[in-house]
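Student:
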Amino acid sequence: MGEQEIRSRLDSIRLAVAQAAHALSAERHLPGELRDYIQKLDRQSDRIGEILALRDPLRIAKLVADMELLGARARRVCTSGLPLSGQMKSAVNHMHNELIEFKQHLH
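Number 98 marks the last residue of the sequence shown (the working numbering); no jumps.
(1) Who are the Cβ neighbours of M(-8) in its own chain at under 6 Å, not counting the five residues just before and after it?
(2) Between the alpha carbons of D47 and C69, how many angstroms are there, rounded?
(3) Do L43 and G62 have their beta-carbon atoms positioned less than 9 Å apart in this structure?
(4) Under a three-way DSSP split, which group does S76 fall into?
(5) Taking 6 Å as the limit between beta carbons, can you name the residues of its chain near S36, skipping five residues before and five after?
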C-alpha cells in the first residue's frame, strides 16, 4: 500500500472517529463503557498525524490494530440491545468497518 493511500485511509478513519465522537455528544443515556471506548478512539485518532510523520509502518499497524480493538468493543456494546440512537449505532459501525478494512489492507 502506497503512502498516499495510507494517508487517505487514515483520513477516512479520522473522519469516522470524529463522526462517532459527534454522535456521542448527542446521546443522553450512553453506557459509560461505550463513552470510554469512543473517547479513547478519539484520542488515538489525534495521534494519526504524529504517527504518519514518523513513517514507521510498524507503528501505523499497531495504532490501527489498537484502534480496531477499541472499535470492536464499541461495536459490541452497540449490538448488545441497549437503547441507542440509529445515528450512534451507524457511526460506530462505520468507524469499525473503516478500521477493519484498513487493517486488512495493511497485512
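Here a beta-carbon is modelled for each residue, glycine too, at the ideal position from N, C-alpha and C.
Tutor: Reading it off the structure:
(1) For M(-8), where only same-chain residues beyond five positions count, the Cβ hits under 6 Å are H96.
(2) Approximately 33 Å, taken between the alpha carbons.
(3) Not closer than 9 Å, so no.
(4) In this structure, S76 counts as coil in the three-state DSSP scheme.
(5) The beta carbon of S36 sits closer than 6 Å to the beta carbons of R5, V8 from its chain, once the five residues preceding and following it are set aside; these are given in chain order.
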